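A short worksheet on the structure shown next.
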Amino acid sequence: MAPLVPMSQPWVEKYRPRQVKDVAHQEEVIRVLTNTLQTADLPHMLFYGPPGTGKTTTALAIAHQLYGPELYKSRVLELNASDDRGINVVRTKIKDFAAVAVGTTRKAGYPCPPYKIIILDEADSMTEDAQNALRRTMETYSKVTRFFFICNYISRIIEPLASRCAKFRFKPLSEEVMSSRIMHICNEEGLNLDSQALSTLSAISQGDLRRAITYLQSAARLFGSSISPTDLISVSGVIPEDVVKSLLAACRSGEFDVANKEVSNIIAEGYPVSQLMAQFLDVIVSTDDIPDEQKARICKKLGETDKCLVDGADEYLQLLDVASETIRALFNMPQTLVF
Amino acid sequence: MLWVDKYRPKTLDKVTVHDQVAQNLRKLVSEQDCPHLLFYGPSGSGKKTLILALIKQMFGAGAEKVKMENKTWKIDTGTRTLEIELAMLSSAHHVEMNPSDAGFQDRYVVQEVIKEMAKNRPIDAKGKRAFKVLVLNEVDKLSREAQHSLRRTMEKYSASCRLILCCNSSSKVTEAVRSRCLNVRVNAPSEDQIVQVLEFIGKKENLQLPAGFAARIAAQSNRNLRRAILFFETCKVQQYPFTSNQAAPPLDWEQYVSEISTDILTEQSPKRLYAVRQKFYELLVNCIPPESILKKLLAELLKKLDADLKHEICHWAAHYEHKMRLGSKAIFHLEAFVAKFMSIYKEFLVASFG
Ligand SMILES: Nc1ncnc2c1ncn2[C@@H]1O[C@H](COP(=O)(O)OP(=O)(O)OP(=O)(O)O)[C@@H](O)[C@H]1O
Ligand SMILES: Nc1ncnc2c1ncn2[C@@H]1O[C@H](COP(=O)(O)OP(=O)(O)OP(=O)(O)O)[C@@H](O)[C@H]1O
Ligand SMILES: [Mg+2]
Ligand SMILES: [Mg+2]
Numbered sequence: 304m305a306p307l308v309p310m311s312q313p314w315v316e317k318y319r320p321r322q323v324k325d326v327a328h329q330e331e332v333i334r335v336l337t338n339t340l341q342t343a344d345l346p347h348m349l350f351y352g353p354p355g356t357g358k359t360t361t362a363l364a365i366a367h368q369l370y371g372p373e374l375y376k377s378r379v380l381e382l383n384a385s386d387d388r389g390i391n392v393v394r395t396k397i398k399d400f401a402a403v404a405v406g407t408t409r410k411a412g413y414p415c416p417p418y419k420i421i422i423l424d425e426a427d428s429m430t431e432d433a434q435n436a437l438r439r440t441m442e443t444y445s446k447v448t449r450f451f452f453i454c455n456y457i458s459r460i461i462e463p464l465a466s467r468c469a470k471f472r473f474k475p476l477s478e479e480v481m482s483s484r485i486m487h488i489c490n491e492e493g494l495n496l497d498s499q500a501l502s503t504l505s506a507i508s509q510g511d512l513r514r515a516i517t518y519l520q521s522a523a524r525l526f527g528s529s530i531s532p533t534d535l536i537s538v539s540g541v542i543p544e545d546v547v548k549s550l551l552a553a554c555r556s557g558e559f560d561v562a563n564k565e566v567s568n569i570i571a572e573g574y575p576v577s578q579l580m581a582q583f584l585d586v587i588v589s590t591d592d593i594p595d596e597q598k599a600r601i602c603k604k605l606g607e608t609d610k611c612l613v614d615g616a617d618e619y620l621q622l623l624d625v626a627s628e629t630i631r632a633l634f635n636m637p638q639t640l641v642f
Numbered sequence: 007m008l009w010v011d012k013y014r015p016k017t018l019d020k021v022t023v024h025d026q027v028a029q030n031l032r033k034l035v036s037e038q039d040c041p042h043l044l045f046y047g048p049s050g051s052g053k054k055t056l057i058l059a060l061i062k063q064m065f066g067a068g069a070e071k072v073k074m075e076n077k078t079w080k081i082d083t084g085t086r087t088l089e090i091e092l093a094m095l096s097s098a099h100h101v102e103m104n105p106s107d108a109g110f111q112d113r114y115v116v117q118e119v120i121k122e123m124a125k126n127r128p129i130d131a132k133g134k135r136a137f138k139v140l141v142l143n144e145v146d147k148l149s150r151e152a153q154h155s156l157r158r159t160m161e162k163y164s165a166s167c168r169l170i171l172c173c174n175s176s177s178k179v180t181e182a183v184r185s186r187c188l189n190v191r192v193n194a195p196s197e198d199q200i201v202q203v204l205e206f207i208g209k210k211e212n213l214q215l216p217a218g219f220a221a222r223i224a225a226q227s228n229r230n231l232r233r234a235i236l237f238f239e240t241c242k243v244q245q246y247p248f249t250s251n252q253a254a255p256p257l258d259w260e261q262y263v264s265e266i267s268t269d270i271l272t273e274q275s276p277k278r279l280y281a282v283r284q285k286f287y288e289l290l291v292n293c294i295p296p297e298s299i300l301k302k303l304l305a306e307l308l309k310k311l312d313a314d315l316k317h318e319i320c321h322w323a324a325h326y327e328h329k330m331r332l333g334s335k336a337i338f339h340l341e342a343f344v345a346k347f348m349s350i351y352k353e354f355l356v357a358s359f360g
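Each protein sequence line maps, in turn, to chains A and B. Per the numbering used here: the first sequence ends with 642, consecutive numbering throughout. Per the numbering used here: the second sequence ends with 360, consecutive numbering throughout.
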C-alpha cells in the first residue's frame, strides 16, 4: 500500500528493509529463509534477541515475499502485544485461522507455499497459560500453518513451544554492519558523517540499529547535514562521564552528606538511574586503585539494585543506597552495624 | 487563574528555562517525519510546558482549542465486558490522556483505545500535518504488559500518529519502548533559573521583592519550579508587602511527616509505633503518595542522625520502599520501616549511653 503522505514516516520505518536479503548481520536466518523462497520449505520459527536487531522486519519481509500483497491478508495473521492474546483469543481467533484450509490460488511471481503463517510478535508478553493453549493448535494444524514466535527473552517462551521451532538468535549489530547501514541512509538523505562520528554512533547505540537511526535523524534535524560526534552524543542522552566520576569522587570523600547531595543532584538533572549505574559499574571496574574485594562488594550492590529498579523501586532511594554502600566498601566499614 | 497556569510559557520561543531544548524541538518538527518522543525528568521541571508548546508549534492555535471529557469505553475481553472510564483532553489534532489511571486494566486501554486512535488518520486531513499526536502521561506507571502493548502500535501506525510519552523516571520505561523514541531529558531548573522566573512574575504582577526573597523561595522549592511558583503565590496571599524575612510555610503534609520523625526519635516503643501508624493512615487517606512519605521521613531523620546510622537507615528506607512496590498495602511497609528504625536507634542509644 502506497502511503498517502510519503514523507510523514520517521526514518526507522522509511528504512525498514522490505526484503529478507536486505536485513543486515543475521546471516544464519537469512540463509534459511532465502532457501525457503526457493523450496517453500519452512519450519516453525523462533526469533529472539535485543530490540532493534531486525526480528520483526525479517518476519514481515519473508511473509510479504512468500505471498505478495494480494494474498498476504488471507494467508498471514500478525498478532503482537498490542492485540489481546489471552487464552480466549488463542482458542478462537488463532485456532480458527490455523484451521482454515489453504486455497490453491497462486499469484505469479510469488512462491505462495501451501500453508499460512501466524506471526506472534512480542510473544514474551503472552501468559504461560495462553502459550500452553497454543501447543495443541500448533500440532494439529502443522500441515497448513507455520508459526513465527518473536521475543526479546527466549526464557519467556515455554519449552514445549520453543522445542518445536527452529531458533535464531538476533545478534546486536556489529560496528561495521551498523556503519554500512548508516552510510547507506546518509547517502540517501544527503548527510555527511565522518568515520569518527560513525563509530561514535555505533558505540552509543549498542547494537540497536533502530536507536542509531533515530539518533541520526534527530541529529540531522538539529545540526544540519554535517554531523559531529558531539552532536550525536548530545541527542543520545548518554550520561556525561563527569557525572559518573563526580559520584565516585563524592563517595571517596567518605562523607554521607556529600554523597547524598551528589545523588540528589543527579536525580534533579533527570539522568536515568539504571543507565547511570551501568556506567558507574564500568568506572568502578576500571579504576586501578580500588582493591578487588571492595570492587566485588560494590558490584554486588549494583546487581541487587538493578533488580529493585526493574521492580519499580524509587530511583533516588536506590541510588542513595548504592552510594552509601560504596562509601562503606571503600572505607571497609561493615555491611550492617554492630554496636 | 493560578500563577502556575497564568505564567506557563505558551510557545517554544517564550520558554526561558529550557531554551536550548525548546530550540531543538522546533527544529525537530520542522519536517513531517519527526520520531516519537519520550520526555523525562523530575516533577515540576517543565515537561508538560514544553509538550504543550511543541504541539502548538506543530499545529498552530487550533491545538489550543481543547475539550475535556470523561469517556467510558466498553471493552470486550471475550469472557466479559469491561467498562473503563478515562479522562481525555483533545483538540482536532491531538489527544492527551493518562492511561495508567486505568490501574491493572491499563493494558486494555493501550490495546483497544490507543491502538484505535493511532490507526485512524487525523480528522482534519487538510491540516498542516498528516499525523495526529497522542500524549500519554505517566508512562512510567504503566504495567509492563501495557508498555509492551505500545511497541508494535508505535511502529505500525507511525505514518498516521506520533506518540509523545511523558514520565518522571525513564528507568521504569522498558528498553523496547525507549528504543522507539527520541529521549528528551528535562532537568530540574537550577535555583538561579527559578529566581529568574520568580522575578519575572514579580515584575508582571508589579510586586516589590526584598533582596534575597526570591532566592529564599527557590532554595525552599527543591528545584521544583511549580512548587516555587506556588510558594511565591502563597506568600503573596499571606502578606504583602513582603517582609524581608518572610518565608513560605512548609506544606502541611511535610510538616506532619516532620512531626513523625520527632516522635520516633524521642521514643521507641510499641505504643509510639501505634501512634505513628494513625498518622500514616491520616497521610495516606489524604492521598499523599507513600513513597513521598518515606522519602520525606528519611530526609528528616538524616538531618539528625550520626554518620554511621545514616548509612544504615538509608539502606532500610530503600529496602522497604522496594518491598512496598512489590506489595499492595503501603502502610505495612511504612510501619516496618519505622519499627526497624526504632530498634536500630534504640540499640544505638543503649550502646552509646548505656
Ligand atoms: N538487521 C537489520 N537490518 C536492517 N535494518 C534493521 C535491522 N535491524 C533493525 N533495523 C532497523 O531498525 C528498525 C527496527 O527493527 P525491527 O522492528 O526489526 O526490530 P526488532 O528486532 O523487532 O525489535 P523489538 O525487539 O524492539 O521489537 C527497522 O525499521 C530498521 O530500520
Ligand atoms: N520555561 C518555563 N518558564 C517559566 N515557567 C515555567 C517554565 N516551564 C515550566 N514553568 C512553570 O512550571 C510549572 C510546572 O511545569 P510543568 O507542568 O511543565 O512540569 P512537569 O515537568 O510536567 O511536572 P510533573 O512531572 O509534576 O507533571 C508550570 O505550571 C509553569 O508555570
Ligand atoms: Mg519487533
Ligand atoms: Mg506534568
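From the three backbone atoms N, C-alpha and C, an ideal C-beta is built for every residue, glycine too. Here the structure is a predicted model, which means the values were calculated and not measured.
Residue i: CB within 7 Å of a non-hydrogen atom of ligand 2
i	result
B:His24	yes
B:Pro216	no
B:Pro15	yes
Reference residue i; option with closest CA among the options
i	options	result
B:Val6	B:Asn251, B:His154 and B:Asp82	Since the first residue shown for chain B is 7 and the last is 360, residue 6 of chain B is missing from the structure and cannot be characterised.
B:Arg150	B:Arg113, B:Phe45, B:Ala254 and B:Leu340	B:Arg113
B:Arg222	B:Ile207, B:Ala254 and B:Asn230	B:Ala254
A:Gly606	A:Ala469, A:Gln621, A:Asp595 and A:Pro594	A:Gln621
A:Leu535	A:Leu496, A:Phe473 and A:Lys410	A:Leu496
B:Phe343	B:Cys320, B:Met74, B:Phe359 and B:Ala357	B:Cys320
B:Ala382	B:Asp107, B:Ala225, B:Gln252 and B:His100	Residue 382 of chain B lies beyond the stretch modelled for chain B, which goes from 7 to 360, so this question has no answer here.
A:Ser537	A:Ser589, A:Ala465, A:Thr503 and A:Lys376	A:Thr503
B:Trp322	B:Leu300, B:Val116 and B:Leu332	B:Leu300
B:Arg135	B:Asp11, B:Leu290, B:Lys53 and B:Phe65	B:Phe65
B:Met123	B:Glu89, B:Lys162 and B:Gln202	B:Lys162
A:Gly355	B:Glu181, B:Glu353 and B:Ser358	B:Glu181
B:Asp258	B:Gln284, B:Ala67 and B:Leu289	B:Leu289
A:Ile333	A:Asp344, A:Ala571, A:Thr361 and A:Ser477	A:Thr361
Closer than 8 Å to chain B by CB, residue i
i	result
A:Leu525	yes
A:Thr517	yes
A:Pro320	no
A:Ala506	no
A:Cys611	yes
A:Met304	Annotation note: pLDDT 37 at A:Met304 (below 50); position unreliable, no value reported.
A:Pro543	no
A:Tyr456	no
A:Ser383	This sequence places Asn at residue 383 of chain A; Ser is not what is there. It does; some Cβ of chain B falls within 8 Å.
A:Val561	no
A:Val308	Confidence in A:Val308 is poor, its pLDDT being 45 and thus under 50, which makes the residue's placement unreliable; the coordinate value appears in the next sentence. So yes, A:Val308 belongs to the interface.
A:Pro354	yes
A:Pro475	no
Residue i CB to nearest heavy atom of ligand 5 below 7 Å
i	result
B:Thr55	You won't find ligand 5 in this model; what it holds is ligand 1, ligand 2, ligand 3 and ligand 4.
8 Å Cβ cutoff, residue i in contact with chain A
i	result
B:Val201	no
B:Tyr280	no
B:Glu144	no
B:Ala323	yes
B:Cys320	yes
Residue i beta carbon near ligand 1 (any heavy atom closer than 7 Å)
i	result
A:Tyr700	Residue coverage of chain A in this structure runs from 304 to 642, which leaves residue 700 of chain A outside it and unanswerable.
A:His347	no
B:Gln245	no
beta-carbon residue i near ligand 3 non-hydrogen atom, thresh 7 Å
i	result
A:Thr440	no
A:Thr359	yes
A:Ile453	yes
A:Asp424	yes
In the segment 581-624 of chain A, which residue ranges form an unbroken alpha helix (DSSP H) of at least 4 residues, counting only runs that do not cross its ends? Every alpha helix (DSSP H) stretch that sits fully inside the segment 581-624 of chain A and reaches 4 residues is listed by chain position as 595-613.
What are the start and end residues of each continuous alpha helix (DSSP H) run of 4 or more residues lying completely inside the segment 48-76 of chain B, in chain order? Complete alpha helix (DSSP H) runs here, min 4: 53-65.
With a floor of 4 residues, list each alpha helix (DSSP H) that falls wholly inside the segment 131-199 of chain B, ordered by position along the chain. For the segment 131-199 of chain B, whole alpha helix (DSSP H) runs of length 4 or above, ordered along the chain, are 150-162 and 181-184.
If you scan the segment 465-545 of chain A from start to end, which runs of the alpha helix (DSSP H) of 4 or more residues do you find wholly inside it? Uninterrupted alpha helix (DSSP H) stretches at least 4 residues long and entirely within the segment 465-545 of chain A occur at 478-492, 498-508, 512-526 and 532-539, given in chain order.
Which residue spans inside the segment 276-307 of chain B form an unbroken alpha helix (DSSP H) run of at least 4? Fully enclosed alpha helix (DSSP H) runs of 4 or longer: 276-291.
Taking the runs of the alpha helix (DSSP H) that are 4 residues or longer, which of them lie wholly in the segment 197-255 of chain B? Complete alpha helix (DSSP H) runs here, min 4: 197-210, 219-226 and 231-244.
Counting only runs that start and end within the segment 86-133 of chain B, where is the alpha helix (DSSP H) found for 4 or more residues in a row? You should have 121-125.
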